[in-house]
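Asks: Sharing a structure here in structure tokens format.
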Amino acid sequence: MKLDSMYQEIILDHYRNPHGKGLRDGDAEVHHVNPTCGDEITLRVRLDGSTVADISYESQGCSISQASASVLNDLVVGKTVGEGQLIQEAFLELMQSKGQGEGDEEVLEDAVAFAGVSKYPARVKCALLSWMAWKDATAQALAQHPAVND
Amino acid sequence: MTIDSGSARALTGPLAEAQEFGDSLRKDFPILQRVLHDGKPLVYLDNAATSQKPRQVLDALNAYYERHNANVHRGVHVLAEEATALYEGARDKVAAFINAPSRDEVIFTKNASESLNLVANMLGWADEPYKVDADAEIVITEMEHHSNIVPWQLLSQRTGAKLKWFGLTDEGRLDLSNLDELINEKTKIVSFTLVSNLMGTVNPVEAIVRRAQAVGALVLIDASQAAPHMVLDVQALEADFVAFTGHKMLAPTGIGVLWGRQELLEDLPPFLGGGEMIETVTMGSSTYAPAPHKFEAGTPPIAQAVGLGAAIDYLSAIGMERIAAHEHAITEYAVERLLEIPDLRIIGPRSAVDRGAAISFVLGDIHPHDVGQVLDEQGIAVRVGHHCARPVCLRYGIPATTRASFYLYSTPADVDALVDGLHHVRNFFG
């Protein structure tokens with residue numbers, strides 16, 4: 001059934017039990033909204049040198065946007081900023097693949113479950129909301145600490 | 001359409017009649033025959049966003065382009081005269097449909113948003129006594145569509161006028177407890193919706209109009225969610241302006257209407273300048289055509305107006321009272337059946353009294369996007385989100401709603417399909 005390709009069990013698990021949810025200390029905070037549906041996220045990034053020490057967030061939205069934020073936290077916390085950016089770019093490419101991409105499981109791990117979402121143009125923005133917020137917050141955190149930007 | 005719903009009740013009395021009525025019209029709407037996904041018949045419950053079009057309207061559009069297409073009010077050739085007669089004939093049909101005292105009070109626009117913006121701009125550029133300036137107040141309501149909020153915010157920002165609004169009760173009605181305070185001697189314009197696009201609430205026009213008249217304020221009524229569904233009589237409403245759009249009432253997109261009282265249209269300044277709206281033009285200055293042409297600069301949406309005329313013919317042949325009664329029966333049944341679903345909360349009136357055929361709800365903590373997606377898989381089209389009325393969502397502390405909205409071709413079987421679909425949604429995310 002087509003619907004199962006969007007609502008993979010992994011996605012529903014992350015939706016029901018989101019990882020890292022809640023706001024904690026951070027170096028930068030951003031607030032992103034999806035004006036078409038009202039999904040919102042407030043996201044903070046804390047860096048430790050060049051390592052992403054924490055991604056914390058408060059959000060409201062559909063299962064896809066909630067699960068996506070949870071997967072972001074899983075994948076990127078503990079990585080270097082550079083590694084995180086590569087993962088973010090790989091996820092963006094998968095979401096823009098219009099249902100054609102499968103995603104590299106080595107890089108994206110649980111996030112390959114979102115491949116089915118890329119078939120639904122209205123939902124791609126939901127999946128990308130937290131990732132775009134992370135990209136924005138990270139750029140702001142780096143701007144405050146130019147020394148670690150290497 | 002047969003009733004294939006597992007939970008469907010045996011239909012009797014008014015519901016059986018409603019089923020028969022809806023079924024009898026569906027043959028006119030080719031799109032309603034569509035089958036989606038794995039053989040699921042389309043259940044179209046997004047009528048408050050836009051209506052489907054009957055064959056009669058599609059045929060009128062085709063006939064216009066195949067036989068009569070020309071620009072209007074220009075040229076003396078046969079096609080130009082035919083196109084003009086069709087376009088102006090559509091104006092006559094609209095005037096009769098809304099019981100306008102004069103056809104010259106009917107202005108064609110591209111949609112209701114343009115109609116509302118037109119009034120805001122007329123008043124922004126007007127002289128006394130209509131002029132909206134820093135001493136003036138504008139009154140709207142918290143249940144307006146964004147198209148009846150933002151034009152007034154713009155006018156307020158540009159003139160310094162104060163923007164005020166009626167709040168909402170927990171039941172989804174206008175809170176009129178501060179009516180006399182909100183609408184006062186400073187009020188220049190009161191603009192409000194006749195029927196809420198999100199909650200379906202039908203508003204008490206008379207109380208608001210009486211107060212506005214007492215203080216000399218103009219009244220603009222947004223009838224976008226009313227004109228398709230009920231008898232709309234601009235004289236009975238006693239408003240100064242009434243705005244609505246064609247595409248929600250079986251007509252094509254790209255055609256809207258602003259009705260205004262003749263003496264106001266004579267006094268108020270034009271907004272858009274261009275061809276069609278002038279009397280004479282020199283390089284120094286121009287004089288303007290009388291209304292309605294004064295407010296119709298440029299080549300108008302001719303085919304779309306003709307389509308609106310055909311839609312009005314279709315609706316009038318059935319009768320707006322008959323349509324309203326049908327939708328009331330469907331809405332009553334839908335409210336009753338939706339409230340059977342555990343965790344379902346209706347945002348707006350929880351009865352069919354003084355309410356239209358749009359019903360918004362939230363289903364437990366399942367996000368409306370997810371509700372809409374799982375319903376779509378079953379062939380059921382609903383709207384999800386804030387419905388261009390975000391302040392209503394803020395008022396009730398919810399991010400968004402799912403909205404089912406009915407029309408003349410809706411049936412009790414559609415309601416049963418929706419209810420079964422929502423049970424499936426609950427199981428899916430449960």
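Chains as they are written, first to last, in full-length UniProt numbering: chain L, 1 to 150; chain C, 1 to 430. Every residue, glycine too, gets a C-beta built ideally from N, C-alpha and C.
From C:E137, C:G200, C:L79, C:G167, pick the residue whose C-alpha is nearest to that of A212 (chain C); which is it?
Replies: Among C:E137, C:G200, C:L79, C:G167, the Cα nearest to that of A212 (chain C) belongs to C:E137.
Asks: Please list, in chain order, all residues of the same chain as W165 (chain C) whose beta carbon is under 7 Å from its beta carbon, the five residues on each side excluded.
Replies: Excluding positions up to five away in sequence, the list reads V139, I140, T141, E142.
Asks: Quick one: does G116 (chain L) have its CB under 8 Å from some CB of chain C?
Replies: Chain C contact via Cβ: absent.
Asks: Listing by chain order, which chain L residues have their CB less than 8 Å from the CB of D267 (chain C)?
Replies: Ordered by position in chain L, no residue passes the 8 Å Cβ test against D267 (chain C), which lies about 38 Å from the chain.
Asks: Can you list, in chain order, the residues of its chain whose CB lies under 6 Å from that of N69 (chain C), leaving out five sequence neighbours each side?
Replies: Answer for N69 (chain C): no residue qualifies.
Asks: At which residue ranges does the segment 35-77 of chain L contain complete alpha helix (DSSP H) runs of 4 or more residues, listed in the order of the chain?
Replies: You should have 63-76.
Asks: Excluding sequence positions up to five away, which residues of its chain have a Cβ less than 6 Å from the Cβ of T109 (chain C)?
Replies: These residues qualify, in order along the chain: S115, G256, L258.
Asks: What do you reckon, are the CB atoms on A223 (chain C) and L194 (chain C) nearer than 8 Å?
Replies: Yes, the Cβ-Cβ distance between A223 (chain C) and L194 (chain C) is below 8 Å.
Asks: Assuming P300 (chain C) contacts Y87 (chain C) under a Cβ cut-off of 8 Å, what Cβ separation, rounded to an integer in Å, is found between them?
Replies: Right, their Cβ atoms sit about 7 Å apart.
Asks: Put D222 (chain C) into one of helix, strand or coil per three-state DSSP.
Replies: Three-state DSSP puts D222 (chain C) in a strand.
Asks: Can you give the Cα-Cα distance for F429 (chain C) and I330 (chain C), rounded to whole angstroms?
Replies: Cα to Cα, F429 (chain C) sits roughly 28 Å from I330 (chain C).
Asks: Y288 (chain C) lies in the beta strand (DSSP E); which residues open and close that run?
Replies: Where Y288 (chain C) is concerned, the enclosing beta strand (DSSP E) stretches over 286-288.
Asks: Using the Cα positions of G22 (chain L) and N197 (chain C), report the straight-line distance between them to the nearest angstrom.
Replies: Distance between the alpha carbons of G22 (chain L) and N197 (chain C) is about 35 Å.
Asks: For L375 (chain C), collect the residues of the same chain with a Cβ closer than 6 Å to its Cβ; drop the 5 residues on either side in sequence, then sort them by chain order.
Replies: If we look at L375 (chain C) and ignore the five residues flanking it on each side, its Cβ neighbours are V382, G421.
Asks: Counting pairs of Cβ atoms below 8 Å between the segment 8-25 of chain C and the segment 351-358 of chain C, do you hit three or more?
Replies: Touching, no, given that fewer than three Cβ pairs across the two stretches are closer than 8 Å.
Asks: Assign V78 (chain C) to one of two classes, buried (16 or more other C-beta atoms within 10 Å of its C-beta) or exposed (fewer than that).
Replies: Counting Cβ neighbours within 10 Å, V78 (chain C) comes out exposed, since fewer than 16 surround it.
Asks: Taking just the CA atoms, how far does S410 (chain C) sit from Y7 (chain L)?
Replies: Cα to Cα, the separation comes out at about 30 Å.
Asks: Report the option in C:P412, C:N178, C:Q262, C:Q52 whose CA atom is closest to the CA atom of L315 (chain C).
Replies: Ranking the options by Cα distance to L315 (chain C), first place goes to C:Q52.
Asks: Leaving out the 5 sequence neighbours to the left and right, which residues in its chain are closer than 8 Å to D240 (chain C) when beta-carbon positions are compared?
Replies: Here the set comprises L218, V219, L220, G260, R261, L264.
Asks: Note down the Cα distance separating D59 (chain C) from I302 (chain C), rounded to an integer number of angstroms.
Replies: Near 15 Å, if we compare the C-alpha coordinates of I302 (chain C) and D59 (chain C).
Asks: List the residues of chain L that D370 (chain C) touches, going by C-beta distances under 7 Å, in chain order.
Replies: Residues of chain L passing the Cβ test: C62, S63.
Asks: What does L3 (chain L) reach in chain C if we use C-beta pairs closer than 7 Å?
Replies: Ordered by position in chain C, the residues that pass the 7 Å Cβ test against L3 (chain L) are V374, E377.
Asks: Tell me D46 (chain C)'s beta-bridge partners as DSSP assigns them.
Replies: Answer is C:S405.
Asks: With a cut-off of 8 Å, do at least 3 Cβ pairs link the segment 381-397 of chain C to the segment 19-32 of chain C?
Replies: Contact between the segment 381-397 of chain C and the segment 19-32 of chain C is absent, because fewer than three Cβ pairs lie under 8 Å.
Asks: In angstroms, rounded to a whole number, what distance separates the CA positions of A139 (chain L) and H247 (chain C)?
Replies: Cα to Cα, A139 (chain L) sits roughly 45 Å from H247 (chain C).
Asks: How should N427 (chain C) be labelled, buried or exposed, when 16 other C-beta atoms within 10 angstroms of its C-beta is the threshold for buried?
Replies: Exposed: under 16 other Cβ atoms inside 10 Å.
Asks: Check the C-beta distance from I98 (chain C) over to V190 (chain C) and give it rounded, since I have them as a contact under 8 Å.
Replies: With a Cβ gap of about 20 Å, I98 (chain C) and V190 (chain C) do not count as contacting.
Asks: Give the DSSP-derived three-state secondary structure of P41 (chain C) in the structure shown.
Replies: Reduced to three states, the DSSP call for P41 (chain C) is strand.
Asks: Leaving out five residues before and five after S59 (chain L) in sequence, what residues of the same chain have Cβ atoms less than 6 Å from its Cβ?
Replies: Result list for S59 (chain L): I41, A69, in chain order.
Asks: Helix, strand or coil, according to DSSP, for S97 (chain L) in the structure here?
Replies: Here S97 (chain L) sits in coil by DSSP.
Asks: Taking Cβ positions, are A291 (chain C) and E327 (chain C) nearer each other than 8 Å?
Replies: The answer is no: Cβ separation not under 8 Å.
Asks: How big is the Cα-Cα spacing for G75 (chain C) and K131 (chain C)?
Replies: Going from the Cα of G75 (chain C) to the Cα of K131 (chain C) covers about 38 Å.
Asks: Under the assumption that C37 (chain L) contacts A400 (chain C) (Cβ atoms under 8 Å), give the Cβ distance between them as a whole number of angstroms.
Replies: Between A400 (chain C) and C37 (chain L) the Cβ distance is about 6 Å, and since that is below 8 Å, they are a contact.
Asks: Looking at C-alpha atoms only, which residue of C:Q19, C:A226, C:E82, C:C393 is the closest neighbour of A324 (chain C)?
Replies: Considering only alpha carbons, the answer is C:A226.
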